[in-house]
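Read in order, the letters of the sequence shown are residues 385 to 488 in our numbering. Think of the CB as a built atom: it goes at the ideal place given N, C-alpha and C, for glycine as much as any other residue.
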Amino acid sequence: EECVSRIDDFNAQDFANISWAFAKAGFPATGLFESIAIEAQPRLGEFKPQNLANTAWAFATADVPAPQLFEAIAAEAQPRLREFTAQALANTAWAFATADVPAP
(Lines of atoms letter the chains of each structure in order from A and count residues from 1; the text may use other names and numbers.)
(Lines give C-alpha, C1' and ligand atoms only; values in the text may rest on other atoms or scores of the structure.)
Protein backbone atom coordinates (compact mmCIF):
# COMPACT_ATOMS: atom_id res chain seq x y z
CA GLU A 1 0.00 0.00 0.00
CA GLU A 2 2.88 2.37 0.74
CA CYS A 3 4.23 1.95 -2.79
CA VAL A 4 0.82 2.54 -4.36
CA SER A 5 0.33 5.73 -2.35
CA ARG A 6 3.65 7.09 -3.68
CA ILE A 7 3.35 5.89 -7.26
CA ASP A 8 2.85 9.42 -8.60
CA ASP A 9 6.42 10.17 -7.47
CA PHE A 10 7.96 7.17 -9.28
CA ASN A 11 10.40 7.67 -12.11
CA ALA A 12 11.16 5.08 -14.80
CA GLN A 13 13.81 3.39 -12.69
CA ASP A 14 11.44 3.22 -9.72
CA PHE A 15 8.72 1.50 -11.77
CA ALA A 16 11.21 -1.06 -13.08
CA ASN A 17 12.92 -1.67 -9.74
CA ILE A 18 9.77 -2.01 -7.65
CA SER A 19 8.04 -4.34 -10.09
CA TRP A 20 11.23 -6.41 -10.49
CA ALA A 21 11.74 -6.66 -6.72
CA PHE A 22 8.19 -7.79 -5.97
CA ALA A 23 8.25 -10.30 -8.83
CA LYS A 24 11.67 -11.65 -7.83
CA ALA A 25 10.55 -12.05 -4.23
CA GLY A 26 7.37 -13.80 -5.33
CA PHE A 27 5.39 -11.39 -3.20
CA PRO A 28 1.74 -11.21 -4.29
CA ALA A 29 1.10 -7.56 -5.06
CA THR A 30 -1.54 -7.54 -7.75
CA GLY A 31 -2.84 -4.10 -6.76
CA LEU A 32 0.65 -2.64 -7.01
CA PHE A 33 1.23 -4.22 -10.41
CA GLU A 34 -2.13 -2.95 -11.66
CA SER A 35 -1.24 0.57 -10.50
CA ILE A 36 2.17 0.34 -12.15
CA ALA A 37 0.59 -0.82 -15.42
CA ILE A 38 -1.69 2.21 -15.46
CA GLU A 39 0.79 4.83 -14.27
CA ALA A 40 3.86 3.65 -16.18
CA GLN A 41 2.20 3.24 -19.56
CA PRO A 42 2.05 6.93 -20.55
CA ARG A 43 5.62 7.43 -19.30
CA LEU A 44 7.34 4.59 -21.14
CA GLY A 45 9.18 7.13 -23.29
CA GLU A 46 11.22 7.95 -20.18
CA PHE A 47 12.28 4.31 -19.74
CA LYS A 48 15.72 3.12 -20.74
CA PRO A 49 15.75 -0.20 -22.61
CA GLN A 50 16.76 -2.00 -19.40
CA ASN A 51 13.75 -0.47 -17.59
CA LEU A 52 11.43 -1.68 -20.35
CA ALA A 53 12.92 -5.16 -20.24
CA ASN A 54 12.82 -5.39 -16.44
CA THR A 55 9.24 -4.17 -16.27
CA ALA A 56 8.07 -6.68 -18.89
CA TRP A 57 10.02 -9.43 -17.13
CA ALA A 58 8.48 -8.53 -13.77
CA PHE A 59 4.90 -8.63 -15.04
CA ALA A 60 5.49 -11.95 -16.78
CA THR A 61 7.23 -13.43 -13.74
CA ALA A 62 4.50 -12.22 -11.38
CA ASP A 63 1.89 -13.63 -13.79
CA VAL A 64 -0.05 -10.36 -13.76
CA PRO A 65 -1.96 -9.85 -17.02
CA ALA A 66 -1.30 -6.42 -18.50
CA PRO A 67 -1.91 -6.64 -22.25
CA GLN A 68 -2.15 -2.88 -22.72
CA LEU A 69 1.14 -2.35 -20.92
CA PHE A 70 2.81 -5.03 -23.04
CA GLU A 71 1.44 -3.40 -26.21
CA ALA A 72 2.81 -0.05 -25.08
CA ILE A 73 6.19 -1.59 -24.20
CA ALA A 74 6.32 -3.17 -27.66
CA ALA A 75 5.50 0.14 -29.33
CA GLU A 76 8.19 1.92 -27.32
CA ALA A 77 10.81 -0.79 -27.74
CA GLN A 78 10.42 -1.50 -31.43
CA PRO A 79 12.07 1.67 -32.78
CA ARG A 80 14.77 1.44 -30.09
CA LEU A 81 15.80 -2.21 -30.46
CA ARG A 82 19.37 -1.25 -31.37
CA GLU A 83 19.70 0.33 -27.91
CA PHE A 84 18.89 -2.96 -26.15
CA THR A 85 21.66 -5.20 -24.89
CA ALA A 86 21.41 -8.84 -25.92
CA GLN A 87 20.31 -9.70 -22.37
CA ALA A 88 17.60 -7.02 -22.29
CA LEU A 89 16.33 -8.15 -25.68
CA ALA A 90 16.26 -11.79 -24.57
CA ASN A 91 14.47 -10.90 -21.33
CA THR A 92 11.90 -8.86 -23.20
CA ALA A 93 11.25 -11.66 -25.70
CA TRP A 94 10.98 -14.16 -22.84
CA ALA A 95 8.52 -11.88 -21.03
CA PHE A 96 6.27 -11.56 -24.07
CA ALA A 97 6.33 -15.32 -24.67
CA THR A 98 5.69 -16.13 -20.98
CA ALA A 99 2.85 -13.61 -20.76
CA ASP A 100 1.41 -15.08 -23.98
CA VAL A 101 1.40 -11.65 -25.61
CA PRO A 102 2.22 -11.61 -29.31
CA ALA A 103 5.02 -9.20 -30.10
CA PRO A 104 4.72 -7.09 -33.25
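Counting only the same chain and skipping the five closest in sequence on each side, list residues whose C-beta sits under 7 Å from that of residue i.
{"i": "residue 434", "result": "472"}
I believe residue i touches residue j by the beta-carbon criterion, under 8 Å. Please report the beta-carbon distance rounded to the nearest angstrom.
{"i": "residue 479", "j": "residue 444", "result": "4 Å"}
{"i": "residue 440", "j": "residue 476", "result": "5 Å"}
Ignore the nearest five residues each way along the sequence and tell me which others in residue i's own chain have a CB closer than 6 Å to its CB.
{"i": "residue 407", "result": "442, 445 and 446"}
With distances taken from CA atoms, which of the options is nearest residue i?
{"i": "residue 424", "options": "409, 474, 460 and 412", "result": "460"}
{"i": "residue 402", "options": "428, 438, 453 and 486", "result": "438"}
{"i": "residue 455", "options": "470, 484 and 467", "result": "484"}
{"i": "residue 415", "options": "448, 468 and 398", "result": "448"}
{"i": "residue 359", "options": "468, 467 and 453", "result": "The shown model of the chain, from 385 to 488, leaves out residue 359, and the question about it has no answer."}
Return the chain-ordered ranges of every alpha helix (DSSP H) run that is complete within the region 413–469 and spans a minimum of 4 residues. With a minimum length of 4 residues, the continuous alpha helix (DSSP H) runs that stay inside the region 413–469 are 414–424, 433–446 and 451–461.
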